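For the sequence shown, UniProt numbering assigns the number 132 to the last residue and increments by one with no breaks.
For every residue, glycine included, the Cβ atom is placed at its ideal position computed from N, Cα and C.
Treat the numbers as computed from the prediction; the structure is a model and nothing was measured.
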Amino acid sequence: MAAAAHPAAAAPGSRAEHRRAVLTPLEQAATDCFAETIGNNPAALAHARAGRWYEAAGVIGFLCRPEVDAMTKARDHLEGRGAGGRYFTGPYTRHLGQELARRLEPLLTTKAVANAEPRPDSEAPAAPAGEP
């Protein structure tokens, strides 16, 4: 009980909890932005379907700049100058494709749909035999 009362004993755990409490929602917001924006952009979605996540994010990345900036600035504040940029271009980007693939899976799978209706640009059906 005396150890729990000592501030230094509680500091490492509370520091990690504080760090996680600050960074997790910001990382989530950035990833949410990438997923939503890629899912709503045909060019980005085409890259995503081909597994080219870097290119998909590049098409729409500027739209998620506020979320990415908030994430990197918070990491800089907690871990030192430049830490946010290193995290974004390293671990975050490395795992982003997997996370986006999981979230966008329904949009990435092509579904074959049978349709018995004639296409509007197809030729008119031939008249039945015996009709003029």
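Ranked by how close their Cα comes to the Cα of Leu108, the residues Gly90, Thr31, Pro42 have Pro42 in first place. Between the segment 29-42 and the segment 93-109 there are three or more inter-stretch CB-CB distances shorter than 8 Å, so the stretches are counted as touching. Only residues of its own chain outside the window of five on either side were considered, and among them none has a CB closer than 6 Å to the CB of Gly58.
Separation of Leu78 and Ala30 (C-alpha to C-alpha, rounded to the nearest whole angstrom) is 18 Å. Taking C-beta atoms as the reference points, Leu23 and Ala74 count as a pair closer than 8 Å. With a cutoff of 8 Å on beta-carbon distance, Met71 and Leu100 are scored as not near each other.
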